[in-house]
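Chains as they are written, first to last, in the UniProt record's numbering: chain U, 1 to 349; chain C, 1 to 349.
See below:
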């Protein structure tokens with residue numbers, strides 16, 4: 001058994017190594033060109049940071065699948081299972097670009113002012129530019145996916161996965177918005193929503209690596225399942241962290257989900273336990289809420305067992321996700337994918 | 001020489017026949033499913049009407065290229081030049097779906113309340129739903145393109161064309177927005193903007209038919225050029241019609257481009273002729289402007305030769321566009337593509 005701290009170190013190092021390469025590739029694939037304002041706005045959030053977890057998953061899946069030592073091969077000319085060179089890095093950039101597009105449009109829809117510690121794109125620029133920057137990233141992601149130069153039938157499969165994933169993300173966001181005015185969402189519905197809104201992009205990241213590198217359908221399906229499981233676990237952990245991590249580390253007000261009446265697995269569970277979730281925090285603006293108010297709310301949720309329920313659900317998902325990787329060769333990269341899964345629910349922020 | 005009225009009849013009949021099939025295919029490719037509100041909003045503008053000109057161009061190019069009699073073949077199993085069945089109708093729906101997505105997002109950006117005589121999606125629903133409906137159509141268009149089931153390398157080419165077209169549309173829209181605050185746009189810049197904002201989707205419609213049906217690169221390029229030329233002519237004619245067609249036929253206030261200080265080929269030409277374009281219409285809301293005010297403005301533009309300049313530019317583009325079709329076999333469908341080109345600048349609304 002690896003202890004969480006060693007694992008955190010391993011994962012952060014692996015993510016950090018790839019992040020540098022991914023960031024470099026983003027500037028190559030998305031140069032600032034005319035019209036400059038549009039491309040600057042498109043790059044704004046990508047340049048503001050982000051762990052690059054999804055690209056990392058995609059790249060490490062490639063390594064595990066083809067049984068090469070982590071960071072030993074050129075991601076730009078990555079040998080597939082049938083010995084064709086594939087630009088796996090382009091695919092990694094593609095999924096990150098989709099992630100960035102969804103964040104830009106989500107921030108408009110949720111009217112969030114801050115993201116990654118900087119103003120949201122529609123605040124830094126304006127609504128029109130933010131809509132258009134998101135739309136530009138959207139098509140760019142497909143252009144970049146074609147540049148992977150995998151065998152055509154594999155590019156078609158990856159493109160199809162990317163497109164259907166985007167559709168599901170929209171459906172998930174639509175469900176999320178509709179949940180805001182509903183008071184009867186149950187945990188299963190909530191899990192389905194985060195599967196569509198968040199987990200599918202992890203699933204696509206893992207599956208697309210398999211598709212481009214000519215893995216069998218069964219392996220691609222298992223990779224997709226891994227991403228769905230750990231992606232849901234990731235989102236549940238995000239919801240837990242919103243309640244438990246100090247605001248300055250979180251980059252936004254702790255407990256903002258409660259203030260904004262956003263449903264989480266924690267609140268839908270608590271409601272089922274008879275907690276008056278709507279009354280947990282009386283203040284209705286994140287600017288005005290106080291830390292003691294949040295502390296009280298968290299204590300109530302802990303008492304109802306809701307935070308432990310969320311933690312346990314996330315742990316179960318990670319366990320199942322890891323077991324799906326048994327279709328892959330037993331190697332260092334596969335171990336890293338397991339560590340990433342564990343890290344996603346052990347991370348402190 | 002066909003006279004314009006006979007031609008109009010021919011084109012409207014051809015467009016009408018295909019429109020029915022396209023509308024049927026839209027309901028098949030985009031069924032209303034859960035989450036219903038999202039899919040209803042996505043379909044709202046598609047169901048509100050539209051001539052389906054781009055799908056018609058795509059389908060007729062397919063007929064001209066493979067030398068079959070118009071409306072004689074099944075678009076869902078259309079024989080390519082290499083005798084593979086291609087679902088050409090799916091491609092036709094795909095470009096129309098992209099067109100609809102751009103209208104939804106453009107109406108938000110331009111804050112337009114009406115479209116096709118009905119409220120814009122962000123007015124009928126709300127901003128969040130309109131953004132998301134556009135995003136859903138965006139990915140659906142790529143999913144539907146994959147369903148054409150053409151040989152994989154052909155699907156990749158068509159997908160790439162669709163994606164780069166969407167990027168160009170965003171660039172064009174960004175230029176259009178930036179023009180609103182500039183007073184020194186010249187005709188060449190304006191023509192470049194409408195090429196990116198409008199013409200590329202006509203170009204893509206024509207080229208994608210060629211790509212999917214296994215045409216040579218030279219033919220695909222010529223088809224793309226045809227679309228670019230007639231697409232620009234179409235937009236210029238739209239700008240002319242905004243000044244010359246009564247409001248009730250237009251479905252919006254005549255002269256609204258002038259009221260909103262929107263640049264057109266007409267106004268950028270007039271400015272070069274020394275006309276004080278900003279002072280043509282003093283009223284700054286389309287609700288308050290009067291018909292005599294528009295009449296005076298139009299008279300000034302006519303005097304400056306700007307409307308004739310726009311008409312002549314459109315005619316030249318149509319002429320060049322038609323000449324590009326000489327790469328195709330001489331047949332009824334090719335004649336129809338020429339008629340469509342002429343009709344686009346002869347139409348009254």
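Backbone N, C-alpha and C define an ideal beta-carbon position, used for all residues, glycine too.
Backbone secondary structure at residue i - three-state DSSP
i                      : result
residue 253 of chain C : coil
residue 263 of chain C : coil
residue 4 of chain C   : helix
residue 11 of chain U  : helix
residue 45 of chain U  : helix
residue 86 of chain U  : strand
residue 114 of chain U : strand
residue 350 of chain C : Residue 350 of chain C falls outside the range modelled here, since chain C spans only 1 to 349, and no answer is possible.
residue 312 of chain U : helix
residue 196 of chain U : helix
residue 152 of chain C : helix
residue 55 of chain U  : helix
residue 119 of chain U : strand
residue 79 of chain C  : strand
residue 304 of chain U : coil
residue 270 of chain U : helix
Contacts that residue i makes with chain C (C-beta to C-beta distance below 7 Å)
i                      : result
residue 152 of chain U : 152, 153, 156
residue 140 of chain U : 167
residue 143 of chain U : 160, 163, 164, 167
Proximal chain U residues relative to residue i, where beta-carbon distance stays under 7 Å
i                      : result
residue 100 of chain C : Per Cβ cutoff of 7 Å: no residues; residue 100 of chain C is ~13 Å from chain U at best.
Under 8 Å from the C-beta of residue i: neighbouring residues of chain U
i                      : result
residue 146 of chain C : 156, 159, 160, 163
residue 170 of chain C : 38, 132, 135, 136, 139
residue 105 of chain C : 131, 132, 135
Close beta carbons around residue i, own chain, < 8 Å, minus the five adjacent residues each side
i                      : result
residue 281 of chain C : 255, 258, 259, 289, 293, 294, 297
residue 285 of chain U : 259
residue 38 of chain U  : 129, 132, 133, 136
residue 252 of chain C : 114, 286
residue 31 of chain C  : 39
residue 146 of chain C : 155, 159
Per-residue contacts from residue i into chain C (C-beta, under 8 Å)
i                     : result
residue 37 of chain U : 174, 178
When the options are compared against residue i, the one with the closest alpha-carbon
i                      : options                    : result
residue 189 of chain U : U:200, U:181, U:201, U:176 : U:176
residue 97 of chain U  : U:42, U:81, U:67           : U:42
residue 319 of chain C : C:133, C:226, C:45         : C:226
residue 291 of chain U : U:168, U:245, U:201, U:139 : U:245
residue 150 of chain U : U:181, U:108, U:236, U:78  : U:78
residue 348 of chain U : U:241, U:194, U:93, U:192  : U:241
residue 162 of chain C : C:230, C:269, C:315, C:201 : C:201
residue 208 of chain U : U:196, U:153, U:235, U:250 : U:153
residue 228 of chain U : U:243, U:247, U:191, U:249 : U:191
residue 106 of chain U : U:158, U:169, U:95         : U:169
residue 230 of chain U : U:13, U:321, U:147, U:216  : U:321
residue 198 of chain U : U:30, U:47, U:54           : U:54
residue 108 of chain C : C:147, C:173, C:80         : C:173
residue 187 of chain U : U:222, U:31, U:82, U:264   : U:264
residue 233 of chain U : U:342, U:302, U:325, U:11  : U:342
residue 160 of chain U : U:148, U:46, U:142         : U:142
residue 300 of chain C : C:167, C:270, C:311, C:218 : C:270
residue 83 of chain U  : U:323, U:215, U:44         : U:215
residue 283 of chain C : C:261, C:268, C:310, C:302 : C:261
residue 166 of chain U : C:140, C:212, C:167, C:157 : C:140
residue 57 of chain U  : U:224, U:2, U:121, U:45    : U:224
residue 36 of chain C  : C:194, C:211, C:302, C:125 : C:125
residue 44 of chain U  : U:81, U:243, U:118         : U:118
Residues that residue i contacts on chain A, provided the C-beta gap is smaller than 9 Å
i                      : result
residue 186 of chain C : Looking at the structure shown, chain A is missing, and the protein chains on hand are U and C.
Cross-chain neighbours of residue i in chain C, by beta carbon under 9 Å
i                      : result
residue 108 of chain U : 127, 128, 131
Close-in-space but distant-in-sequence residues of the same chain around residue i (CB under 6 Å, 5 per side omitted)
i                      : result
residue 138 of chain U : 101
residue 19 of chain U  : 52
residue 14 of chain U  : 336
residue 235 of chain C : 194, 198
Other residues of its chain near residue i: CB distance less than 7 Å, five sequence neighbours each side excluded
i                      : result
residue 315 of chain C : 345
residue 247 of chain C : 253, 254
Item to check | At least three beta-carbon pairs within less than 8 Å, the region 59–74 of chain C to the region 86–94 of chain C | outcome: yes
Checklist entry - Between the region 318–338 of chain C and the region 58–65 of chain C, do at least 3 Cβ pairs fall closer than 8 Å? => result yes
Checklist entry - Between the region 16–33 of chain C and the region 101–111 of chain C, do three or more beta carbon pairs fall short of 8 Å? => result no
Checklist entry - Hey, is the region 300–318 of chain C in contact with the region 266–281 of chain C, meaning 3+ C-beta pairs nearer than 8 Å? => result yes
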